[in-house]
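One structure is given here, and the rest of the page talks about it.
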Amino acid sequence: NIRLTDRVKHFIPFTQKRSNAYHSNESLFESALFQYFGGYFQDISQNVLRHDPALKILLEKDTLPSQPTFSRFWNSLDDRVLQGMTHLIDFFNETARTKRQQTEWIIDLDSTHLDTFGDQEMTDYNAHYQTTGYHPLVAFDGISGDFLKPTHRPGNDYTSTDAVAFLLPLFEQFKTSPTLTQCLLRGDSGFATPKIYNQCDVDNVDFIIRLKANARLKRFAEQALPNLESEDYTHSRTVYFDFDYQAGTWDRPQRVCVQAIRPADELFYRYTFITTSLIKVPVQSVIKAYQRRGTMENYIKEAKYGFMMGKTDHSTFQANQARLVMSQLAYTLIQCFKTGCLPKASVKCQMTTLRHQVFKVGVRIVRHARQVFYHLSTSHVYYKEFFAIYERVQHFRL
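Last residue of the sequence shown? That's 398 in the UniProt record's numbering, and every number before it is there in order.
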């Protein structure tokens, strides 16, 4: 239905030439992907999975690859292959957006931490997380939850390091997309840099980015704060207002929207500062738009725990990056599956729920002549839901 094999061959230029290889690179790639769908993220799992009859039928193989074959495969993936994987993911994301008729794009930008153990390349100590690992950048679509892009970085890189280079391909996608007409970048205070503001201006991308509070910003806010002749301090008060502000490193002023909250029985206000290129949008709407960024934390957790984005046990940086992109591809295809095949009430379910209710279902396989029959237990708890999804899958195209 999604022509996965054909599209893998089209987008990914496998460069490794293996003599007398029984398993092609494309076959190994698909086997690895189905391992991610099943939740088997350790290469050693293949010693058991290679005998799985359902996987043999699914991959059209009499014999599946062994664990050493898989380990060599991960270490063989170079930059061209990773670039091809990225193009494949972009294709699926763009196709899904077109089917949804999505015209607006919210790029939620963030960094996260992935622990490492041992002497992996480019691993380093991160003072903020107080542990050793990688400090990757990730971007999700704040509207649909699509996983737009990840990339590993050394553990001691600052939040905004190489953020502009990371965003450029996404901005290019926006400019060349046949459906997207508006794009908004949303990020926390770690991305409040003039380089990002200027790049957004060049590519016609709006932004909503939080600012770290400092003495100068607080002084501006106190001067702009509307005063009441008599204020009841036994009740909380929330005020929204804005002003123009230019930090010393900025080449021009930016609009800053402020949320000032004074809790009940307190004297002083607590300020939230948001800088934005949205000039005509009301201050309260800008603040609420930024607050909805919190959903991204759920997307990151899903990528980490549902698709093992945090797997970093290879010794080379390149192999760990390949694992990261494979997690993104698995996330993307499951995202397409959820929006195209699940009932609306189940679209936001987690991957662990899908594995439990839909993917890992016990069956009896019976071969007769040239046909294969799968006998599902009538006592399966999610029997009706399973066949309702199965019916949708038959008509799903991507």
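Positions of the beta carbon are idealized from the N, C-alpha and C atoms, including for glycine.
- Message: So for Ala260, helix, strand or coil by DSSP?
- Response: The residue you call residue 260 lines up with position 260 of the sequence shown. Note: Ala260 maps to strand in three-state DSSP.
- Out of curiosity, what's the CA-to-CA distance linking Leu137 and Arg186? Indexing the sequence shown from 1 puts residue 137 at position 137. Indexing the sequence shown from 1 puts residue 186 at position 186. Between Leu137 and Arg186, the C-alpha separation is close to 13 angstroms.
- Task: Run through the region 222-296 for me and flag every whole beta strand (DSSP E) of 3 or more residues, listed as ranges in chain order.
- Result: 237-245, 254-262 and 270-276
- Under a three-way DSSP split, which group does Ser327 fall into? Looking up residue 327 in the sequence shown gives position 327. Helix at Ser327.
- Looking only at C-alpha atoms, which of Val361, Tyr374 and Thr159 sits nearest to Glu385? Taking the first residue of the sequence shown as position 1, residue 385 is located at position 385. Closest option to Glu385, Cα to Cα, is Val361.
- Query: Which whole runs of the alpha helix (DSSP H) in the region 174-219 are 4 residues long or more, in chain order?
  - Reply: 194-202
- Query: How would you write the range of the beta strand (DSSP E) that Ala21 sits in, first residue to last?
  - Reply: Here residue 21 refers to the residue found at position 21 when the sequence shown is read from its first residue. Ala21 -> no beta strand (DSSP E), and no H or E assigned at all.
- Message: Here's the rule I'm using: 16 or more other beta-carbon atoms within 10 Å means buried, otherwise exposed. How should Glu30 be labelled?
- Response: By 1-based counting over the sequence shown, the position of residue 30 is 30. It counts as buried.
- Message: Relative to the C-alpha of Arg262, which candidate in Asp313, Glu222 and Val347 has its C-alpha closest?
- Response: Within the sequence shown, residue 262 is the residue found at index 262, counting from 1. Nearest of Asp313, Glu222 and Val347 to Arg262, Cα basis: Glu222.
- Item | Presumed contact (8 angstroms Cβ cut-off) between Thr316 and Asn156, rounded CB distance | Working through the sequence shown from its first residue, we reach residue 316 at position 316. Working through the sequence shown from its first residue, we reach residue 156 at position 156. With 8 angstroms as the limit, Thr316 and Asn156 do not qualify as a contact, their Cβ atoms being about 19 angstroms apart.
- Taking Met351 as the reference, which of Val363, Arg364, Phe337 and Lys344 has the closest Cα? Counting from one through the sequence shown, the residue named residue 351 turns up at place 351. The option with the nearest alpha carbon to Met351 is Phe337.
- Message: Quick check: Arg255 and Ile279, are their CB atoms within less than 9 angstroms of each other?
- Response: Translated into positions along the sequence shown, residue 255 becomes position 255. Translated into positions along the sequence shown, residue 279 becomes position 279. Contact: yes.
- Query: Under 9 angstroms between the Cβ atoms of Arg100 and Leu180?
  - Reply: In the sequence shown, the residue the question calls residue 100 occupies position 100. In the sequence shown, the residue the question calls residue 180 occupies position 180. Contact: no.
- Item | Per DSSP, cross-strand counterpart(s) of Glu104 | Within the sequence shown, numbered from 1, the residue matching residue 104 stands at position 104. In DSSP, Glu104 forms a bridge with Gln182.
- Task: Spell out a yes or no on whether the region 308-328 and the region 118-131 are touching, meaning 3 or more CB-CB pairs, one atom from each, closer than 8 angstroms.
- Result: yes
- Item | Nearest-angstrom beta carbon gap, Arg210 and Ser177 [assumed within contact, 8 angstroms] | Position 177 of the sequence shown, counted from the start, is the residue given in the question as residue 177. Position 210 of the sequence shown, counted from the start, is the residue given in the question as residue 210. Rounded, the Cβ-Cβ distance is 27 angstroms, inconsistent with contact.
- Task: State buried or exposed for Glu302, treating a residue as buried only when at least 16 other CB atoms are found within 10 Å of its CB.
- Result: In the sequence shown, residue 302 corresponds to position 302, counting from 1. Looking at its Cβ environment, which holds 16 or more other Cβ atoms inside 10 Å, Glu302 is buried.
- Message: Using only CA atoms, which one of Gly133, Arg355 and Ile12 lies nearest to Asn25?
- Response: Residue mapping note: residue 25 aligns to position 25 of the sequence shown, counting from 1. Ranking Gly133, Arg355 and Ile12 by Cα distance to Asn25 puts Ile12 first.
- Query: Per DSSP, Gln371 forms a beta bridge with which residues?
  - Reply: Residue 371 sits at position 371 when you count from the first residue of the sequence shown. DSSP lists His368 as partners of Gln371.
- Message: Check this for me: beta carbons of Gly145 and Thr295, under 9 angstroms apart or not?
- Response: As a working mapping, residue 145 is identified with position 145 in the sequence shown. As a working mapping, residue 295 is identified with position 295 in the sequence shown. Cβ distance < 9 angstroms, so Gly145 and Thr295 count as in contact.
- Query: What are the partner residues of Thr151, as DSSP defines its beta bridges?
  - Reply: For the purposes of this step, residue 151 is taken as the residue at position 151 of the sequence shown. DSSP, once it has assigned bridges, lists Leu137 as partnering Thr151.
- Message: If contacts are defined as beta-carbon pairs under 8 angstroms, then Tyr40 and Leu28 qualify, I think. What distance do you get, rounded to the angstrom?
- Response: What you label residue 40 is simply residue 40 of the sequence shown in a count that begins at 1. What you label residue 28 is simply residue 28 of the sequence shown in a count that begins at 1. Rounded, the Cβ-Cβ distance is 15 angstroms, inconsistent with contact.
- Message: Measuring straight from C-alpha to C-alpha, what distance separates Pro53 and Phe359?
- Response: Sequence index remark: in the sequence shown, residue 53 carries index 53 (1-based). Sequence index remark: in the sequence shown, residue 359 carries index 359 (1-based). Each residue's alpha carbon lies about 15 angstroms from the other.
- Task: Counting only the same chain and skipping the five closest in sequence on each side, list residues whose C-beta sits under 6 angstroms from that of Leu77.
- Result: By one-based count along the sequence shown, residue 77 stands at place 77. The residues are Ala322.
- Buried or exposed: where does Tyr197 fall if 16 or more other Cβ atoms within 10 Å of its Cβ makes it buried? As a first step, residue 197 is located in the sequence shown; it is residue number 197 there, counting from the start. Answer is buried; the Cβ neighbour count reaches 16.
- Message: For Thr234, which residues in the same chain have their Cβ closer than 7 angstroms to its Cβ, ignoring the five residues on either side in sequence?
- Response: Start at 1 with the first residue of the sequence shown, and residue 234 comes out as number 234. These residues qualify, in order along the chain: Ala264 and Asp265.
- Message: Between Leu88, Ser71 and Asn204, which has its C-alpha nearest Trp105's C-alpha?
- Response: What you label residue 105 is simply residue 105 of the sequence shown in a count that begins at 1. Checked all of Leu88, Ser71 and Asn204; the closest Cα to Trp105 is Asn204.
- Message: Looking at the secondary structure, which residues open and close the alpha helix (DSSP H) in which Asn156 lies?
- Response: Here residue 156 refers to the residue found at position 156 of the sequence shown. Per DSSP, Asn156 belongs to no alpha helix (DSSP H) and is neither H nor E.
- Message: On the CB-based measure, 16 or more other CB atoms within 10 Å of its CB, does Lys17 come out buried or exposed?
- Response: One-based indexing of the sequence shown puts residue 17 at position 17. Classification of Lys17: exposed, given that the 10 Å Cβ count is below 16.
- When we look at the beta-carbon of Arg370 and count the other beta-carbons within 10 Å, is it buried (16 or more) or exposed? The sequence position of residue 370 within the sequence shown is 370, counting from 1. Under this definition Arg370 is an exposed residue.
- Item | Euclidean distance between Cα positions of Ile208 and His395 | Here residue 208 refers to the residue found at position 208 of the sequence shown. Here residue 395 refers to the residue found at position 395 of the sequence shown. Each residue's alpha carbon lies about 40 angstroms from the other.
- Item | Inter-residue Cα distance where the pair is Asp6 and Leu88 | Translated into positions along the sequence shown, residue 6 becomes position 6. Translated into positions along the sequence shown, residue 88 becomes position 88. Spanning the two alpha carbons is a distance of roughly 11 angstroms.
- Message: Looking only at its chain, what residues have a beta carbon closer than 6 angstroms to the beta carbon of Ile2, apart from the 5 residues adjacent to it on each side?
- Response: Against the sequence shown, residue 2 aligns to sequence position 2. Hits under 6 angstroms: Leu398.
- Query: When you compare only the Cα positions, how much space is there between Arg367 and Cys183?
  - Reply: Taking the sequence shown and counting its residues from 1, the one referred to as residue 367 is at position 367. Taking the sequence shown and counting its residues from 1, the one referred to as residue 183 is at position 183. Roughly 52 angstroms between the two C-alpha positions.
- Task: Just tell me which of Tyr331, Leu64, Lys304 and Glu231 has its CA closest to the CA of Tyr269.
- Result: Locating residue 269 in the sequence shown gives position 269, where the first residue counts as 1. Taking only the C-alpha atoms, the option nearest Tyr269 is Glu231.
- Query: CA-CA distance, Leu217 and Asn126?
  - Reply: Your numbering for residue 217 matches position 217 in the sequence shown. Your numbering for residue 126 matches position 126 in the sequence shown. The alpha-carbon atoms of Leu217 and Asn126 are separated by roughly 28 angstroms.
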